[in-house]
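In our numbering, the protein residues as written are 50 to 278.
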């Protein structure tokens, strides 16, 4: 996501610290000044992360701010006019709400990035590999591994409370998007749409997990094991 040739470069810029460096159209490359500002922000975030990791105080949970963050950021990036921005923001908020409702039904945390990533991976495996949803033991082992990796990741450790919430919402939005279009593709028997949804699901997982492939996650009777780095 930090490569400016990536289709996700706008998202990366929007996630930079300090926030607010947003390219409004995916087809418009960032200026040199924006690239430098983003690089400085990433470096500062890494430095904060190193200090947090050293202190042993990194957590994957956050305290909700009372409103959503990511839906507005993404809508601003992708909308071509005010009406589209409102529609996109409403859709993205619906995805976040749907994710949180589903998590509560399953008695899962709604403010933990590791749990959200686990749900994204489990759903993407169903969509891409026609796999069974992870069982309770498999899911718990996956979340434990994700949490262990996140708390040692300098960029994640350098995020403040609001930034963790934004990441959590971005994951929920990805989860909602692929789930929605997967359901529509299956209902309509649309193989072209289904192929596109599967490609998107892999891309979203790779974006959030540093290009990790779903196919490299090994699932046993009681464990879902991330690949060794």
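For every residue, glycine included, the Cβ atom is placed at its ideal position computed from N, Cα and C.
Checklist entry - For residue 112, is the classification buried or exposed, using 16 other Cβ atoms within 10 angstroms of its Cβ as the cut-off for buried? => result exposed
Checklist entry - Considering only residues of the same chain and omitting the five flanking positions on each side of residue 250, which have a CB-CB separation below 7 Å? => result 173, 176, 177, 227
Item to check | residue 128 versus residue 137 - alpha carbon distance | outcome: 7 Å
Checklist entry - In this structure, does DSSP put residue 273 in helix, strand or coil? => result strand
Item to check | Rounded Cβ spacing between residue 322 and residue 195 (contact assumed at less than 8 Å) | outcome: In the structure as shown, the chain begins at 50 and stops at 278. Residue 322 is therefore absent and cannot be evaluated.
Item to check | Whether residue 123 touches residue 168 by CB criterion (8 Å) | outcome: no
Checklist entry - Do you know how far the Cα of residue 144 is from the Cα of residue 222? => result 5 Å
Checklist entry - Since residue 119 and residue 215 are thought to touch, with beta carbons under 8 Å apart, how far apart are those beta carbons, to the nearest angstrom? => result 5 Å
Next on the checklist: So for residue 179, helix, strand or coil by DSSP?
Outcome noted: Coil at residue 179, not helix or strand.
Item to check | Local conformation of residue 279 per DSSP, three classes | outcome: Limits of the chain in this structure are 50 at one end and 278 at the other, which puts residue 279 out of reach.
Item to check | Burial state of residue 116, where buried means 16 or more other Cβ atoms lie within 10 Å | outcome: Result: exposed.
Item to check | Ranges of the alpha helix (DSSP H) found wholly within the segment 166-236, counting only runs of at least 4 | outcome: 185-199, 203-206
Item to check | Nearest-angstrom Cα separation, counted from residue 86 out to residue 92 | outcome: C-alpha separation (whole angstroms): 10 Å.
Checklist entry - To the nearest angstrom, how far is it from the Cα of residue 252 to the Cα of residue 275? => result 17 Å
Checklist entry - From 179, 130, 204, pick the residue whose C-alpha is nearest to that of residue 107; which is it? => result Nearest of 179, 130, 204 to residue 107, Cα basis: 204.
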